[in-house]
Structures are given as C-alpha cells and as structure tokens.
Amino acid sequence: MLCVLGISTIGSLVQQLNMRYILAAMLFCISTVHAQEQLDEVVVSDTRIPKPRKNSGKAVVHISAAAIAKNKGISLAQLLNQYAGIYISGAQLHPGQNLSYFIRGGNNRQVLIRIDGVVVSDPSQIESDFDLRLVALDQIATIEVVKGASSSLFGSGAATAVIDITTKKELTQKTKLTVAQEWGTQNTFDQKLGKLSDVSKQFVEVQHQLGDVALAGSLQRLASDGMSSVAGTETDPVEKENIQFSVQSQYNSPWAWSAYLQRDVFDANFDSTFPSFADADYSFVSKQQRIGFMPSYTKGNSNIQAQFSWTDSSRSYADGFPSDYTAAMFTTELTWRHRASDELTLLGGLFYQDIDSGFKNAFDSETYAHDNVAVFVSGQWQHAKGYALHASVRNSAHSEFGSHQTFTINPFYVTALSSGGYLKFFGSWATSFIAPSQYKLYSGIYGNTELTPEENQTLELGVEKMTDNSRITVVAFQREEDNFVDFVFLSNFMGYQNRPGIFKVRGVEVAANWSLKNWNISTNYTFTEKVDQAPLRLPKHAANLGLNYAAPKTQWGLHWRYIGSRYDVNQAFAQEKLDAYALVDVRIAFPSFIGNTTASLAVTNIFDVEYSEIFGFTTLGRNLNIALRYAF
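In structure tokens form, the structure reads like this:
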C-alpha cells in the first residue's frame, strides 16, 4: 500500500512513465520480509549534526564499509551508480575518461564533494569541480550522499547533491597491518578474456595507537594497460597512486584534534577525438595534495570545531596543445553546535576560502585569485509527538560579485509503527547557488567578470517506511535553474554569459531493501526529466537490482543495472540516440579463505553486452577480477 500511495502523490509525473521501465522499482511491493540493517543503526549528517536516519528530513544515501568491501573490482563512480538518483557518465569507459556527474539531472558544478568534512575542489578546472578519479575506494570508510539543495549549509555547488566521503581511521590498541592485491582483465566487447595482469592494484594500510594518539597510514597503487580510450588498436595505460596519513588524539579531555595528509596522483594516456576518433600518443597527469588540521572543544551540550586545510592541485596535458594548470586553496571553517534542549539543536558557522589558480601554454599564461566569506546558522526542532522542522540560512560574500543568500526549510513528521519501525513524511523547499569558476570570470579570452551566480530552487516531497525488517523510500522533486552560465557565440562576444529564462528538472526516486533468511535484496528506480530541453547523455530511466546471499563460508552477489536511452553529439555535431542497455555483474567472496585472508572473485558484464555510454568511446566488456586481502 505504501508503494501505491507514494507513487500516486506525484501527480502528472507518473503519467509520463512507461510501465516497462518501472517494473524493477515495483519489485519491492511484495510482502514484507526481514532486513539485515535496522534504520537506527545508520547515522547520517545531512544537517552537519550526526543523528539516526529517522530523525533526518532528507532521503540520504549511506554506503557503509561493508557495502564498499563487497564491491571489489569496480571504481568509486561505478559504486555510486548503483544508487537512486545518481548517474555518473564515463564510469564504464577507459579509466582515464572524464566523469560527468548527472545527479538529479545536474552537472559537475552542481555537486559538492567533501573528504573528511572538508570541501574539496580543483579551481583550475573550468567548472572548479573535484575529480572523483583521484580517490582510492580502498581508502574510504563510508560515503554519504545528501541529494537536493544544501547550499545554506555547505556553500556554492551544493545544488543537486553533497558527496561526503570519510576515509579510514579505525582505532586499534595493537598495530594492525592490512595488505591487499587485486588482478583483473580489461576487455572491451567481444574480446577473449584477456590477461589478469591488465589491471593490477596493491594496497597497504597500517594502524596503531601510540599512547593517546592514534595513527593511520595507507598506500594504494593501481596500473592498467588493457584497452584503448577510443576504438583503436593500441592500449592507453593508466597509473594511479594514493597516499594517506592521519593522526588524532585519544586522551580523555574536552579538547581533541586530528590532522591528515592526503596525496593523489593520476596519470593516464588518451586518444584524439577531433577531427576524428583515432589513436594518439597523448597523456595527462593530475596531482592533488591536501593537508588539514581540525581542533575541537566540547563542554556540556556545546561543541566548537575549527578546520584548516591547504590544497595544491596541478594538471599537465601532453597533446596537440600542451598546457599546464595549477591551483592553491586555503579553507578554514569554525562551527558551533549546541543542544539547547531535548527538542532543539542549533548550529552556527563561519567560513573563509582563499583561492588562486592559473594556466600556461606555448602562447599565453594567466593567473586568477579571489576569496569567499560566509556565515551560516541552522536549527532542528523535533517534538516528542513526531513533528519536526529543520531550517538553515547562509550569507556568502564573493570578492568579485558580492553577497548571496540561500535558505532551507525542511519539515517532516515521524510516527512509530507497532512493528518497531516508523513511517516518515518529509518535504523541503531550498535554494542553492553555483559561483562562476575563476576561469569563467577572469579568462582573458572567454571570461566575463559581469557573471552572477547560478541560482537553483528545489522542491521535494517524500515518504519513507522503516520497520525492523524493511525500508522503502519514495521521493519526488522539481528543481528550477535560473541565471544559467553558458558558453555563447554573439556578434560582439564569444565566451561565458548568464542565460535568461528558467530551466526545470523533475524526477522520481524509488528505493527499497529487504532480506529473507540469508538473502539481502535492494532495488531502486530513477526517473529524471529536463522539461522542454534536450539533455545530452542523461537517461530518463535508470534502475538497479542487487541480490546478496551470505552463507557461513561464502558470500554471493549479483547486480543488475539498467540505463535507458540517451542522446549524444556525434562527429557531425548532430544529436544521435544511444540505445538503452543492461549490465549484470556477479561476485563471490570467501571471508575466511585461509586464516586471516579474505578472497573474492568478480565477473562484470557477465553476458558481454555491447553498448555505448558516450559516442565514439570504447566500453568495458566481460571482465574478471580476483582480490586477496590479509590482515595481520
């Protein structure tokens, strides 16, 4: 009944859906069965204050350490694609391919990414976005995706989603050493199974507590050389290295602190795409180093935390137009959290960011600089009878275009069920903004200092039912985009300009999970539509179905993913339809393979389906991955 009720509330949107595509989402409308994960065990931080999911007024995606561990042989982008409302284009291509974040129909500049609570980006990019290819999945403990407008809490770019990544910092009294090795093939469609040496990954992690200080460090190295980025004959190798080190205090005191050093290097070859797709000896190297220090003080019901982080980024391209890009960013934030009563929690903060970037090539060089200052406050009131409201407001000041205000109003209602779970109804009205990047503002060729921020306004309605044995979530949203910054060709100007008019995006997300004895089943469906627009590479329909079986000595898994038809631009600059496709992956894991060794085997695209994700680029066919992990 919940499924029927949730879908019926979205009105005219449903009338546009073809029932063929939503059958996967309706799989959960069967009898309730026993779930392995209770909702209260999941803690989310969508309001920047950790709390049980039932006390959140948002549909939050929480990816646990266990879920990450089950997905050997795939990338972070491929893992995120398994969840409702998230589509990252390029994830099924050559590992050096650029990624496009089509979360809720948005783009890269509408997604904010944080690592260990600190906003990360690359100001030298045209969109000033962060490259998820840099991140090592083995170094991640948990991932939280807060969908919808969140600029009032997180600032510029938090228009369609905030991806919050927490790295591994497990505390252990004894020294713990983990060593892992993976081997894999890298085949395209209709190839014989290649060599397991096509993809090789090594991972080493050390954790130790020295007195009142906990130490953690890890290193991952990945190398692949099995496929061409376009339909060519030569392969395009990729190398990746991730180094991470962290320290944090463990003494019993109101004062606490932590610090980290993270360094990512991504080196990839790529091919020519213009005037035609062809093999080429092109390459690029992307590097980013992040250093951070976070002290905090807790007294009674109040907590004050400061963040100081320094980021250096560089990218070098060796192609037909060699160029180098650099960026340096200093970020500091002071937040105050206070539990005023059992019903009311308050949050306030100050934010400052200083950003420099530049580029150079054989003909020119430029440098850019600006700073951001912001103040924000929020509060969450939750009555014992289930009525609740979260509200927040932020004032941001940019050194170029001045002040900008955003807000969030998020009411919800939670009622307990006799089964031990709850039924929650929630909605939100929120605004967000996307500040133009330094390149768009200051570039001597295409920049425009008259640009103003893009503005987004999002309305969202949802219902979630959680019992001690199942969870079902249905969400409908509509987003309006104003002041859209686009590249234009005019008689007297060629470059970036704010476009007039309002663009609308709407959609529906349905997600559920349950289990029966040793079985765990999860499924989701996403409908996304750009109203009166012709979006490129964005499917209207996407669905996932995951089946997992846990026996005492083995764990089996199957994942089915469906991507609907999309349009892309071909070499003649005309739109071309890309057919829908469905991929199936299977996995088997041995948690106690030999002693403290765990082992897993995965076959991705097991039916070797032929498909196209982006016009002209090769896609992954059937591939095999073998992983071993040993903990001392």
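If you read the sequence shown in our numbering, its first letter stands for residue 6, the second for the next number, and so on.
All C-beta atoms, glycine included, are put in the ideal place defined by N, C-alpha and C.
Computed from a predicted model, the values in this text were never measured in an experiment.
Assuming the contact rule is C-beta atoms closer than 8 Å, residue i and residue j should be a hit. Round their C-beta distance to whole Å, please.
i      : j      : result
Thr624 : Phe194 : 7 Å
Arg138 : Ile170 : No, Arg138 and Ile170 are not in contact; Cβ-Cβ is about 14 Å, not under 8 Å.
Ala96  : Asp143 : The pair is not a contact, with the Cβ atoms about 17 Å apart (cut-off 8 Å).
Pro128 : Gln387 : 38 Å between Cβ atoms; not a contact.
Ala632 : Gly78  : 7 Å
Asn366 : Pro327 : 6 Å
Asp584 : Ser597 : Contact flag wrong, Cβ pair sits at about 43 Å.
Gln312 : Gly122 : 7 Å
Gln66  : Glu149 : According to the sequence shown, residue 66 is Val rather than Gln. Yes, they are in contact, since the Cβ atoms of Val66 and Glu149 sit about 7 Å apart, within 8 Å.
List the residues that DSSP assigns as beta-bridge partners of residue i.
i      : result
Glu486 : Asn461 and Phe508
Val515 : Val479 and Tyr530
Asn274 : Ser288
Asn549 : Asn529 and Arg566
Phe438 : Glu460
Asp169 : Arg119 and Glu149
Met299 : Ser263
Ile93  : Tyr106
Glu371 : Phe364
Thr316 : Arg295 and Met334
Tyr392 : Tyr418
Lys535 : Val510
Gly407 : His403
Tyr427 : Ala421 and Met471
Relative to the alpha-carbon of residue i, which residue among the options has its alpha-carbon at the smallest distance?
i      : options                           : result
Ser161 : Phe107, Pro458 and Gln83          : Pro458
Lys445 : Gly500, Leu220 and Leu137         : Gly500
Trp561 : Val591, Asn575, Phe250 and Asp329 : Val591
Ala555 : Arg53, Lys75 and His67            : Lys75
Ala389 : Asn366, Phe406 and Thr420         : Thr420
Gly449 : Gln387, Thr372, Leu394 and Phe508 : Thr372
Leu68  : Pro55, Ile54 and Gln87            : According to the sequence displayed, residue 68 carries Ile and not Leu. The candidate whose alpha carbon is nearest that of Ile68 is Gln87.
Arg504 : Thr180, Asn453 and Asn474         : Asn453
Tyr451 : Asn497, Thr463 and Thr413         : Asn497
Trp260 : Asp217, Ser288, Arg226 and Gln293 : Asp217
Thr436 : Asn610, Thr165, Val150 and Asn112 : Thr165
Ser229 : Lys152, Lys200, Thr238 and Ser424 : Lys200
Lys304 : Ile296, Trp341, Val270 and Asp329 : Trp341
Met299 : Leu227, Gly384 and Tyr265         : Tyr265
Ser370 : Tyr447, Tyr427 and Ala333         : Tyr447
Gly551 : Ser520, Asn575 and Thr559         : Ser520
Leu349 : Phe356, Gln358, Leu355 and Ser383 : Ser383
His310 : Glu581, Arg114, Ile54 and Asp491  : The question names His, yet the displayed sequence has Gln at residue 310. Nearest C-alpha to Gln310: Ile54.
Asn306 : Glu338, Tyr567, Asp347 and Asp272 : Asp347
Ala577 : Ile296, Pro280 and Ser205         : Pro280
Tyr530 : Leu543, Leu541, Ile507 and Arg566 : Arg566
Asn628 : Met471, Val608 and Ser617         : Val608
Leu198 : Ile611, Tyr92, Gln115 and Leu543  : Ile611
Val290 : Leu117, Asp473 and Val243         : Val243
Ala636 : Val49, Phe159, Phe208 and Asp473  : Phe208
Asn257 : Tyr302, Tyr418 and Pro557         : Tyr302
Lys152 : Lys206, Ser433 and Phe356         : Ser433
How many angstroms separate the CA atom of residue i from the CA atom of residue j?
i      : j      : result
Phe620 : Ser319 : 29 Å
Ile145 : Arg634 : 16 Å
Ala594 : Ala604 : 6 Å
Arg58  : Ala64  : 9 Å
Thr240 : Ser254 : 47 Å
Ala440 : Val589 : 39 Å
Val510 : Tyr572 : 17 Å
Leu352 : Met232 : 50 Å
Leu220 : Gln294 : 19 Å
Asp51  : Val468 : 17 Å
Ala40  : Asp203 : Unreliable placement is indicated for Ala40, whose pLDDT of 37 sits below 50; the coordinate value is still reported in the next sentence. Rounded to whole angstroms, Ala40 to Asp203 spans 38 Å at the Cα level.
Asn630 : Ile73  : 15 Å
Gly62  : Asn192 : 43 Å
Ala70  : Asn525 : 16 Å
Thr278 : Asp286 : 12 Å
Gly222 : Thr183 : 11 Å
Tyr26  : Ala539 : In this predicted model, Tyr26 has a pLDDT of only 45, less than 50, meaning its place in the structure is not dependable; the value taken from the coordinates is given anyway. Rounded to the nearest angstrom, the two C-alpha atoms are 20 Å apart.
Ala587 : Gln178 : 46 Å
Ala333 : Ser362 : 6 Å
Tyr330 : Arg268 : 17 Å
Gly626 : Gly407 : 50 Å
- Three or more C-beta pairs closer than 8 Å, one from the region 367–386 and one from the region 396–403: is that the case here? Yes, they touch.
- Message: Any contact between the region 168–182 and the region 204–221? By contact I mean 3 or more CB pairs, one from each, below 8 Å.
- Response: Contact between the region 168–182 and the region 204–221 is present, because at least three Cβ pairs lie under 8 Å.
- Item | Any 3 or more C-beta pairs closer than 8 Å across the region 510–526 and the region 469–481 | Touching, per the Cβ criterion.
- Query: Using 8 Å as the threshold, is the region 98–113 in touch with the region 408–425, meaning 3 or more CB pairs across them?
  - Reply: Touching, no.
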